[in-house]
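Residue -12 in my numbering sits at position 3 of the sequence shown, and the numbers go up by one each step. A short write-up of the structure that comes next.
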Amino acid sequence: MRVFDEIILVPGGGNCYLIEREQECVLIDTGMSKKASKLIKTINSNFPYKPLEAIILTHSHQDHRAGLETLRKLYEPSVIAHEEESPYIEKTKELPSLGGFGGFMIKKLEGMLGIPASKIDQKVVDNEVVYGLQVMHLPGHTPGTIALFDIENQALFCGDIINADKKGKKILPPKKDYALDYKQALKSSLRMLDKTSPSVILPGHGSPILEPEEAIKAYLDEYGKV
Ligand SMILES: [Zn+2]
-14 MRVFDEIILV
-4 PGGGNCYLIE
6 REQECVLIDT
16 GMSKKASKLI
26 KTINSNFPYK
36 PLEAIILTHS
46 HQDHRAGLET
56 LRKLYEPSVI
66 AHEEESPYIE
76 KTKELPSLGG
86 FGGFMIKKLE
96 GMLGIPASKI
106 DQKVVDNEVV
116 YGLQVMHLPG
126 HTPGTIALFD
136 IENQALFCGD
146 IINADKKGKK
156 ILPPKKDYAL
166 DYKQALKSSL
176 RMLDKTSPSV
186 ILPGHGSPIL
196 EPEEAIKAYL
206 DEYGKV
């Protein structure tokens, strides 16, 4: 699904987004392992002459990065993540345990899927701009979670910082079960929406919010006083 002329949503599991730039294309998140074939098909049919130059990971959770190595072998892109999230992807550090159901699921998945360590080629920090995308460091869901704000078209790629409903009308708060620090995650989500006026919100789960103005106002009204 084309969200904008230059952005393609590849849905299912975790949402992935392909961004077309003048000379190349860039992928945000890779989804689960089995999604790689769907992504390869989408890349090859839409961008046959534009190499996949970079993969940017919003964070280290499996449903956002499990397919990374399959894509890396094929396209040899530069892999980018926040400097605080990189050790969990390179597996030089273990992601702090969540506890509860979310923690159980994340641990179980990691063991079951046997996801290998992945080298991060470029470690970014807050406010850095990569491929026309401004990095916003918004910890809470994980320590190095980022959102990416497309400077040219004002699209906001927000990973799991917030969620969206299936109709793409409502912004939902970060999932309590999967947030390492829920209070911080909620604060980060408010900061993200307060700091930007996105033309479209592109979440890691749920449907894109194509007319976000009302949804942002409602979210800030409901959660802004926390
Ligand atoms: Zn997540």
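Positions of the beta carbon are idealized from the N, C-alpha and C atoms, including for glycine.
Worksheet item: What does D135 pair with, by DSSP beta-bridge criteria?
Response: The sequence position of residue 135 within the sequence shown is 150, counting from 1. In DSSP, D135 forms a bridge with L118.
Practice prompt. Could you check how far apart the C-beta atoms of I282 and I74 are, in whole angstroms? I think they sit under 8 Å.
Written response: Shown here, the chain extends from -14 to 211; a query on residue 282 therefore has no answer.
Worksheet item: According to DSSP, what are the bridge partners of H44?
Response: Residue mapping note: residue 44 aligns to position 59 of the sequence shown, counting from 1. Answer by DSSP bridge pairing: none, since H44 is not bridged.
Practice prompt. Mind checking who S63 pairs with in its DSSP beta bridge?
Written response: In the sequence shown, the residue the question calls residue 63 occupies position 78. In the DSSP output, where bridge partners are listed per residue, S63 has A39.
Worksheet item: With a cut-off of 8 Å, do at least 3 Cβ pairs link the stretch 102 to 116 to the stretch 148 to 163?
Response: no
Fill in: Under 7 Å, CB to nearest heavy atom of ligand 1: contacting residues
H44, H46, D48, H49, H126, T127, G144, D145, Y163, G189
Worksheet item: So who's on the other strand from P10, going by DSSP bridges?
Response: As a position in the sequence shown, residue 10 is number 25, starting the count at 1. Checking the displayed sequence, the identity of residue 10 turns out to be Cys instead of Pro. Partner(s): E5, L37.
Fill in: Supposed contact pair M177 and I146 - C-beta distance, whole angstroms, cut 8 Å
For the purposes of this step, residue 146 is taken as residue 161 along the sequence shown, with counting starting at 1. For the purposes of this step, residue 177 is taken as residue 192 along the sequence shown, with counting starting at 1. 6 Å between Cβ atoms; contact.
Worksheet item: Can you name, in chain order, every residue of its own chain whose Cβ lies under 6 Å from the Cβ of I186, other than the five neighbours on each side?
Response: On the sequence shown, position 201 is the one that residue 186 refers to. If we look at I186 and ignore the five residues flanking it on each side, its Cβ neighbours are L141, I194, P197.
Practice prompt. Determine the burial state of L179: buried for a count of at least 16 other Cβ atoms within 10 Å of its Cβ, exposed for fewer.
Written response: On the sequence shown, position 194 is the one that residue 179 refers to. First, the amino acid is wrong: residue 179 is Asp here, not Leu. Exposed: under 16 other Cβ atoms inside 10 Å.
Discussion item. I'd like to confirm the pairing. Which residues does DSSP put opposite Q107 in its beta bridges?
Written reply: The residue given as residue 107 occupies position 122 in the sequence shown. DSSP output for Q107 lists I65 as bridge partner(s).
Fill in: N148 (DSSP reduced to helix, strand or coil)
Along the sequence shown, one-based indexing puts residue 148 at 163. In this structure, N148 counts as strand in the three-state DSSP scheme.
Worksheet item: Any idea if A170 is buried or exposed, counting beta-carbon neighbours within 10 angstroms, 16 or more meaning buried?
Response: If you number the sequence shown from 1, residue 170 lands on position 185. A170 should be labelled buried.
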